[in-house]
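Below: one structure, written as structure tokens.
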Amino acid sequence: MLLMNRRMTKPELLAPAGTLQTLKEVTSAGADAVYCGGKNFNMRLHRSDFNLSAEELAEAVKWCHERDKRIYVTVNSLLGDEELSRLSRYLEFLESIGVDAIILQDLGVLHLSRELGLKLEKHASTMMNVHSSAMATSLGELGITRIITSRDITLAQVQSMWRETGLEFEYFIHGDMCTSQSGQCFTSGILFGESSNRGRCLKPCRWPYDLVDAQNGDSVKNGRPGPYLLARNDMCMFQNIPEMVNAGICSFKIEGRMRPSEFLKPIVQAYREEIDRYWEAPCSYRKNGDAYSDLQNNRVRDFSSCYAFGNPGSSSIGFSGKREPRLFSHAPGIRFQNAKGMADLAASASRNSDQQHACNPVPRLAVRAGSPEAAYGALEAGADLVYVAGEVFFEEGTRWTGGSIAEFASFARASGRNAGIATPRISTERELWELERLFQGLPIDLIDSVLATNLGALRLANTYFPGQVVADFNFSILNIGSIKLMRSLNVQRFTPAAEASLEEALSLSRQRILPEELVVHGPVLGAVLEHCLAAANIDYVPPNGNCPMPCRSRQQYALKDEQGQIYPLMIDQYCRNHLLLPFDICLLPLLRSVLKAGVHVLRIEGQYYEAGHLKSIVELYRREVDRIAGSNDCPSLRENDYEKLIRISPRPFSMGAYMHGVLGSLGHLMKEEISCTEIR
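So in numbering that gives the first Met the number 0, spot 376 of the sequence shown is number 375, and the numbers just go up one at a time.
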């Protein structure tokens, strides 16, 4: 069988190494390549005894190359500008000692490596969440040679991307896995300031939860053997080596840079022998049951093939928690700010700003709307730009069609306002095909902006709406380098990372590289899940089986943590779960500081709100923006406006990541002076 005339080569066995000694032992055990990190800029920095010094990295390269092994160094953390400014010398050092490739996540790191003209290969981390050929192609054009795939796609999807692009693809075969879409979990970063996208996750997915009715908090009956509803089992593809090879995957990756060598060595040996046995005699290959039993006997959690062959449903979750090795954290008692406290924060931010721009234009007020009724209501309330489409969370009668979008766009233009298109958070081949069909039927001259959430959607949007694309917070933009890369991709505006502090977000706006679109109000996305909590916990869904679709009932679902806090669960038309945090962001008292920073567009994330509630929010923000813009010496926010927002909100307000960010010594703007009240 010819796989699109692409020559198959023996796949690489790639092992992790947290220390130089582990590196030597896993290569001796049969790994073809190793990946490790230095003392900075990577996602495993919470133990000082792990990661390699500069001298150890040089020795590791020498050791590997003398044995015809390859070595990849992780530069895979999200970085702030201060960190990025120190990265050039490190990258040049890695190239000088002969590292075979770097693994990166941050678009700013990719931009810097291109600016420096580095010759070493660049691999896209799994945290870049590559899940379509369009994404892979875009990264290939930017100099990426290998894609470490999203952990939420099947082998068939990987094979399709390999055939389409000709790039190398790396796939996890063993180790710890996450429930969330790769790079799309913000819960730890927002709640604790410890970001999973910077390798410091406190694992809220390993907490016990109760599935409840979102309206009253009552438990939803289910037959699961325990409360660990998000606790993903470990990946093990040992019994699926033939399928992995035939998918065109070039590198089989073992997870575990924080694991000791005595744990990793037998895993490497087992996979080495199994890969060799299959490669040497594929037609007579039989699985090694004894070796698999040894892996089972030494496992941490139970094993799963995860998404390799389709959505595994409840079979991939360790509900009982019996094999969970360690809890890194417990659900916190979340706090929120009152109006006075946030006004104090705004004043402090203004005093600490390096630059102020007193003559900024009045920003546009943008709104994401989930239904036609909400979209028309937002326009009536004073929105300048309304994004429609994207995910659908409501009943069938509220869906958007090409015709209804065109009608809305025409109405908006006639009203002196604008319409935009939102794209799904995750855009596999199916979503991109459907999105292109939508784009083809739209009146291009009536669409002001397209809100893109990934490189695949951005690429498609640029084809139909060049120069009108907005990069959403899913791109995790925390530094100037990322903004410059976005500008090179013809992006017109950017939204700062969901985990950025307000200070960092406003600082990026002041750089004037690209106009900024800042989220000022709305529910806070904690994670995007391919795993459906409702289906997995209420009705058993066999892998690749027919779902009983409990989400189609009128009941709305949520998770409840040990503190009794409610995390709403929104299920979209693709059955993806959008897990929201127990509070909403509200920057109404801080708008003066935001306007002084020169933010071009203020966005209300209204796609989860009912139409009437969204309209009330837009009216208040419209009035406050106009009031501030009309006065150079603006008095403080009218307290009754903020109190009204508190009164009508379905959840309390918090600053979330805007208070502290995830870059370390941040969130220092008058923290001590902010009046806080325990969440109600």
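Positions of the beta carbon are idealized from the N, C-alpha and C atoms, including for glycine.
- Pairing Val72 with Leu93 gives a Cβ-Cβ distance under 8 Å.
- The beta carbon of Ala526 is closer than 6 Å to those of Ser179, Cys184, Thr186, Leu578 in its chain, skipping five residues each way along the sequence.
- Around the Cβ of Gln491, a 10 Å sphere holds 16 or more other Cβ atoms; the residue is buried.
- For Trp62, the closest C-alpha among the options Leu210, Leu12, Thr164, Glu24 is that of Glu24.
- Residue nearest to Tyr641 within the set Gly660, Ser653, Leu619 is Leu619 (criterion: CA-CA distance).
- Counting the other CB atoms within 10 Å of its CB gives Gly563 a total below 16, which places it among the exposed residues.
- As computed with DSSP, Asn417 is found in a beta bridge with Leu384.
- Ranked by how close their Cα comes to the Cα of Pro649, the residues Ser403, Glu11, Gly611, Gly309 have Gly611 in first place.
- Check the Cα spacing between Cys204 and each of Asn215, Gly198, Cys177, Asp217: the tightest is with Cys177.
- Gln183 carries a strand assignment under DSSP once its states are collapsed to helix, strand and coil.
- Remark: C-beta atoms of Glu529 and Phe493 do not approach each other more closely than 8 Å.
- Under the 8 Å Cβ criterion, the region 207-221 counts as touching the region 531-538, having at least three qualifying pairs.
- The beta carbon of Arg276 is closer than 8 Å to those of Tyr284, Asn287 in its chain, skipping five residues each way along the sequence.
- The beta-bridge partner set that DSSP reports for His577 consists of Val527, Met569.
- For Tyr170, the secondary structure class from DSSP, reduced to helix, strand or coil, is strand.
- The beta carbon of Asn461 lies closer than 6 Å to those of Val468, Asn489 in the same chain, with the five residues before and after it left out.
- If you draw a straight line from the Cα of Arg363 to the Cα of Thr148, it comes to about 37 Å.
- Under the criterion of beta carbons closer than 8 Å, Asn75 and Met126 qualify as touching, at roughly 6 Å.
- Within the same chain, Cβ atoms closer than 7 Å to the Cβ of Lys559 are found at Tyr208, Asp209, Val211, Gly216, Ile565, the five residues on either side in sequence being excluded.
- In summary, Glu54 is exposed, with fewer than 16 beta-carbon neighbours lying within 10 Å of its beta-carbon over all protein chains present.
- In the structure shown, Glu254 adopts coil according to DSSP, grouped into three states.
- Per the coordinates, the alpha-carbon of Arg621 lies some 7 Å from the alpha-carbon of Ala382.
- Cα atoms of Ile143 and Arg458: separation of roughly 16 Å, rounded to the nearest angstrom.
- With contacts defined by Cβ atoms closer than 8 Å, Ile443 and Ile420 do not form a contacting pair.
- Collapsing the DSSP output to three states places Val617 in a helix.
- The beta carbon of Arg416 is closer than 8 Å to those of Leu378, Ala382, Asp383, Leu384, Val385 in its chain, skipping five residues each way along the sequence.
- Residue pairing by DSSP places Ile537 in no beta bridge whatsoever.
- Ser487 places its beta carbon 8 Å or farther from that of Val598.
- A distance below 7 Å between beta-carbons, with the five flanking residues on each side excluded, links Pro324 to the following residues of its chain, in chain order: Val299.
- Pairing Phe318 with Asp48, the inter-Cα distance amounts to about 33 Å.
- In this chain, Asp31 is not harboured by any beta strand (DSSP E), its DSSP state being neither H nor E.
- In its chain, beyond the 5 residues on either side, Leu12, Val267, Gln268, Arg271 have a beta carbon closer than 7 Å to the beta carbon of Gly29.
- If you look at Ser592, you'll find it isn't in any beta strand (DSSP E); it sits in the alpha helix (DSSP H) that goes 590-595.
- The three-state secondary structure of Leu558, taken from DSSP, is strand.
- Between His64 and Asp233, the alpha-carbon positions lie close to 31 Å from each other.
- Secondary structure of Arg398 (DSSP, three-state): coil.
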